[in-house]
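Enquirer: Residue numbers (my numbering): 770 to 1138. A single structure is presented below for examination.
Written out as structure tokens, the structure reads:
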């Protein structure tokens, strides 16, 4: 009877169970180990085990590696490797010069709305203030103009309603150019009015970024005293056309606070930013030739047949032979850990659950002389 020894991790070929085609070759694992377990039920005789029944053998295959391909990560994630143009987030520390401008790079495809500028300390690490207002992109985040304003006036009050404005957090109500209320709803009742008097109403949508252009003004006249019903009044077509020609405004950031604009790849600071100040510019650049992996909440690894080859050495002759394990149906467990360290190589541990094939075989082992 030959006695053997083994000293190596297996080289593995993974076959996609759906297609039967080779999916990957792995020859860089530091360790491969298979562990087998089964359920056991015992009959006892006077308190000691006398008979055992075995059932439900199970197995797991564990692969430990400090090298990996993107395809291996994709396999574990249940993902695909996508090639193409993708957004890459970047950080650029700068010291402002006398031009009050910084060019992020000629020919770069930078997403303008992604550009943020934050004051930092002299080491360019800690943030020491709030992000500066991006006057170029933030204007697009200002609420849209409020439409469909309707005023229904009775003798001493008027009910104003309007359509929801996109991006609005609340609404300012103005009567005769004086602010009389702010509400989150799309209606407001203005009380304490004089009978038989004309009032002009305008609505402005507001959020943390800015305020919309004023709505088209609506002029409504209160009814005679004692009147409890009123007729709905809307803006004229002429007033609607005038209102649509006005743009919204950003909130004033406060006296002495810097802002910036972004034009043709350049970050342009206003007069409140001074040469010598330190900033960090954050931005997203659309970069071609990116390989991307996605970890989705609803996608998981598939099933694979695994051929694992290793060398086995006969004790007496010292001759190495090929030993091949065939794991019939293996599926990576959904939990995995990718460890990153500043002192040690990144390590990846993958555990496959092993399932039997149609003949109830989990794996077979062949020694080739």
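Glycine is no exception: its CB is placed at the ideal position from the N, C-alpha and C atoms. Note that the coordinates shown come from a computational prediction; the quantities given were computed from them, not determined experimentally.
Throw me the rounded Cβ distance for the residue 970 and residue 920 pair, which I believe falls under 8 Å.
Expert: With 8 Å as the limit, residue 970 and residue 920 qualify as a contact, their Cβ atoms being about 5 Å apart.
Enquirer: In this structure, does DSSP put residue 978 in helix, strand or coil?
Expert: Three-state result, residue 978: coil.
Enquirer: Nearest-angstrom Cα distance between residue 1054 and residue 1003?
Expert: The straight-line gap from Cα to Cα measures roughly 46 Å.
Enquirer: With contact counted as at least three CB pairs below 8 Å, one residue from each stretch, are the segment 1005-1019 and the segment 983-991 in contact?
Expert: The segment 1005-1019 vs the segment 983-991: in contact.
Enquirer: Check the C-beta distance from residue 1005 over to residue 924 and give it rounded, since I have them as a contact under 8 Å.
Expert: In fact, because the Cβ distance is near 24 Å, the residues do not count as touching under 8 Å.
Enquirer: Closest by CA to residue 804, which one among 904, 832 and 795?
Expert: Residue 832 is the option with its Cα nearest to residue 804.
Enquirer: What are the start and end residues of the alpha helix (DSSP H) that includes residue 1142?
Expert: With the chain covering only 770 through 1138, there is no way to say anything about residue 1142.
Enquirer: Check for me: the alpha helix (DSSP H) holding residue 770 runs from which residue to which?
Expert: Element bounds for residue 770: n/a, residue is neither H nor E.
Enquirer: Let's see if you can read the secondary structure: which residues bound the beta strand (DSSP E) around residue 850?
Expert: Looking at the DSSP string, residue 850 is not in any beta strand (DSSP E), and its letter there is neither H nor E.
Enquirer: For residue 843, name the three-state secondary structure that DSSP assigns.
Expert: Looking at residue 843 - three-state DSSP - the assignment turns out to be helix.
Enquirer: From the DSSP output, read off the bridge partner residues of residue 805.
Expert: In the DSSP output, where bridge partners are listed per residue, residue 805 has 828.
Enquirer: Might you give, ordered along the chain, the residues of its own chain that have their beta carbon closer than 6 Å to the beta carbon of residue 1082, omitting 5 neighbours on each side?
Expert: 774 and 1089.
Enquirer: Spell out the partners DSSP gives residue 968 in its beta bridges.
Expert: DSSP lists 989 as partners of residue 968.
Enquirer: Around the Cβ of residue 1103, are there at least 16 other Cβ atoms within 10 angstroms (buried) or fewer (exposed)?
Expert: Answer is exposed; the Cβ neighbour count stays below 16.
Enquirer: What's the C-alpha gap between residue 1043 and residue 1060?
Expert: If I take the Cα positions, the gap works out to 40 Å.
Enquirer: Mapping the DSSP letters down to three states, classify residue 1007 as helix, strand or coil.
Expert: Residue 1007: helix per DSSP, three-state reduction.
Enquirer: Among residues of its own chain, excluding the 5 on either side of residue 806, which ones have a beta-carbon nearer than 6 Å to its beta-carbon?
Expert: For residue 806, where only same-chain residues beyond five positions count, the Cβ hits under 6 Å are 827.
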